[in-house]
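First up is the structure itself, then whatever we jot down about it.
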Amino acid sequence: MANLSTIYMGLELKTPLIVSSCDLTGNIESIKKCEEAGAGAVVLKSLFEEQIESETEELIDNVWMTGHTEAFEYVRGMSMSNGPSTYLDLITQAKKETSIPIIASLNCISPRWWIDYAKQLETSGADAIELNVSILPSNLERSSEEIESVYMDVVDSVLAQINLPVAVKIGPYFTSMARTVNELAGKGVRGLVLFNRFYQLDIDIKKIKLVEGNPLSSPNEIGNPLRWVALLSGRIKCDFAATTGIHTGKDVIKQILAGAKAVEICSTLYKNGLDYIKDMQKEIESWMSEHNYDSIEEFRGKLSKKEDEKTELYDRLQYIKALNK
Ligand SMILES: Cc1cc2nc3c(=O)[nH]c(=O)nc-3n(C[C@H](O)[C@H](O)[C@H](O)COP(=O)(O)O)c2cc1C
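Residue numbering for the sequence shown follows our numbering, starting at 5 and increasing by one per position.
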């Protein structure tokens, strides 16, 4: 039987299939089902920075929220039903009732709240922390340097407080992706999760208004994270986890060939149910036996770009060729 175990951020996972941060990992019953279905680990549903602010009664003072009564009430309601203290309880309970690694997830855009709270997450028993620093670079005044410094400040403040492995889940919008990711790794981040899928926007042309797009990804969204895992994982000393558009066992194999240590999946489980993890595992196992691989490490990173490969010109020629068929 093929060995699917992998080590991600120093955590031993029975399989590289992690259930990513979403509602499937937001309560203990569902977390237990993830484990039963064969998940290697779970990333808990994120706790949002605004929920911590709300519990400390300071949300109202936050400049970007001032005047947005609807947003304020929404976050306050969220906080009451699932606030920071409930989150700590969920970690403790999940550690007691399951044996897979439990990764806490914080969605943050400033470093100020994490100084105390990150420590509490560690005390509650979390095995690692994933920071989802989701900044959509849409501000006309903000330079790329300013935006990147937010990521660095958040990471610095959390790393200074805790000894747990820290992963950073980022989006795909950086002017210099490789340099930014390299700087994060240099600070001591143990895992890089590529890429967060931002809130999708759509337009209802009947009502002529902006509406929410499909919250679930489609399989053809795998291309961008696959490219970046392949481009960076062989050159940056950090573990990579891939997310977005991974819907089948074949997609997992691709990401591992590109160099991922693990994958974080969500949409495919919403569509096919948690037990689909078993089908994905079987697909990986049968491919491994077809190719005579006994373990994940035997083929991981086979197709990642290596440190000494200078392929810029080659990449550009491929691009020109693709457009001129
Ligand atoms: C309903 C739903 C809720 C989500 N909640 C979170 C969240 O709280 N924190 C987070 O980092 N990502 C969240 N995500 C993003 C997923 O963790 C994942 O990164 C993204 O959906 C891409 O993976 P996929 O293509 O397998 O869906 C959510 C996604 C969905 C569909």
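Glycine is no exception: its CB is placed at the ideal position from the N, C-alpha and C atoms.
(1) Give the DSSP-derived three-state secondary structure of E301 in the structure shown.
(2) Using the rule of at least 16 other Cβ atoms within 10 Å of the residue's Cβ for burial, across every protein chain shown, is S89 buried or exposed?
(3) Give me the Cα-Cα distance between G305 and K213, rounded to the nearest whole angstrom.
(4) Less than 8 Å separating the beta-carbons of S308 and G263?
(5) Apply the 10 Å Cβ neighbour rule to F199 and answer buried if 16 or more other Cβ atoms are within range, or exposed otherwise.
(6) Taking the C-alpha atoms as reference points, what is the distance between F202 and G249?
(7) Below 7 Å, is the gap between the Cβ of C270 and the nearest heavy atom of ligand 1?
(8) Since K331 and G42 are thought to touch, with beta carbons under 8 Å apart, how far apart are those beta carbons, to the nearest angstrom?
(9) Which residues share a DSSP beta bridge with L7?
(10) Would you check if the distance between the CB atom of V137 and the CB atom of V158 is smaller than 8 Å?
(11) Assuming contact is defined by CB atoms lying nearer than 8 Å, are Q97 and I32 in contact in what I supplied?
(12) Could you give the first and the last residue of the continuous beta strand (DSSP E) run that contains D206?
(13) Using a 10 Å radius around the Cβ and a threshold of 16 neighbouring Cβ atoms, would you call I104 buried or exposed?
(14) Give the straight-line distance between the Cα atoms of D27 and K49, rounded to the nearest whole angstrom.
(15) Given the structure, does Y274 come close to ligand 1, in the sense that its CB is under 7 Å from one of the ligand's heavy atoms?
(16) Quick check on this structure: which residue in A6, M13 and M5 has the alpha carbon closest to the alpha carbon of K265?
(17) If you pair each beta-carbon of the stretch 282-299 with each one of the stretch 320-328, do three or more pairs fall below 8 Å?
(18) Could you tell me if Q55 is buried or exposed, where buried requires 16 or more neighbouring beta carbons within 10 angstroms of its beta carbon?
(19) Could you give the distance in angstroms between the alpha-carbon of E216 and the alpha-carbon of E149?
(20) How long is the line joining the alpha carbons of N186 and K211, rounded to whole angstroms?
(21) Taking just the CA atoms, how far does I151 sit from E145?
(22) Could you tell me which whole alpha helix (DSSP H) segments of length 4 or greater appear in the stretch 213-283?
(23) How many angstroms separate the CA atom of Y91 from the CA atom of N296?
(24) Closer than 7 Å: is that where the CB of C112 sits relative to any heavy atom of ligand 1?
(25) So the beta strand (DSSP E) N111 belongs to, where does it begin and stop?
(26) Which residues mark the beginning and the end of the beta strand (DSSP E) in which K173 is found?
(27) Is N111 buried or exposed, if buried means 16 or more other CB atoms sit within 10 Å of its CB?
(28) Using only CA atoms, which one of C242, F52, K99 and G30 lies nearest to A189?
(29) Assuming V197 contacts P20 (C-beta within less than 8 Å), just tell me the rounded distance between them.
(30) Output the distance between the C-alpha atoms of G253 and E287, rounded to the nearest integer angstrom.
(31) Are the Cβ atoms of Q165 and A130 separated by less than 8 Å?
(32) Specify the secondary structure class of A326 as computed by DSSP and reduced to three states.
(33) With DSSP collapsed to three states, give me the class of Y155.
(34) Hey, could you find the ends of the beta strand (DSSP E) S167 is sitting in?
(35) Taking all protein chains shown into account, decide if K173 is buried (16 or more other Cβ within 10 angstroms of its Cβ) or exposed.
With the structure as the only source:
(1) helix
(2) exposed
(3) 45 Å
(4) yes
(5) buried
(6) Take the alpha-carbon of F202 and the one of G249: they are about 13 Å apart.
(7) yes
(8) Outside the shown range of the chain (5 to 329) lies residue 331, about which nothing can therefore be said.
(9) Residue 7 is actually Asn in this sequence, not Leu. DSSP output for N7 lists S299 as bridge partner(s).
(10) Yes, Cβ-Cβ distance for V137 and V158 is below 8 Å.
(11) Closer than 8 Å, so yes.
(12) L205 to D208
(13) buried
(14) 6 Å
(15) yes
(16) M13
(17) Short answer: they don't touch.
(18) buried
(19) 30 Å
(20) CA-CA distance, N186 to K211, rounds to 45 Å.
(21) Between E145 and I151, the C-alpha separation is close to 11 Å.
(22) 227-236, 253-262 and 271-276
(23) Going by C-alpha positions, Y91 is about 43 Å away from N296.
(24) no
(25) Start and end: I106 to N111.
(26) Per DSSP, K173 belongs to the beta strand (DSSP E) from V170 to I174.
(27) Buried, because 16 or more other Cβ atoms sit within 10 Å of the Cβ of N111.
(28) C242
(29) That pair is no contact at about 13 Å.
(30) 5 Å
(31) no
(32) helix
(33) helix
(34) The question names Ser, but residue 167 is Asn in the sequence shown. No beta strand (DSSP E) holds N167; DSSP gives it neither H nor E.
(35) When all chains shown are included, K173 counts as buried.
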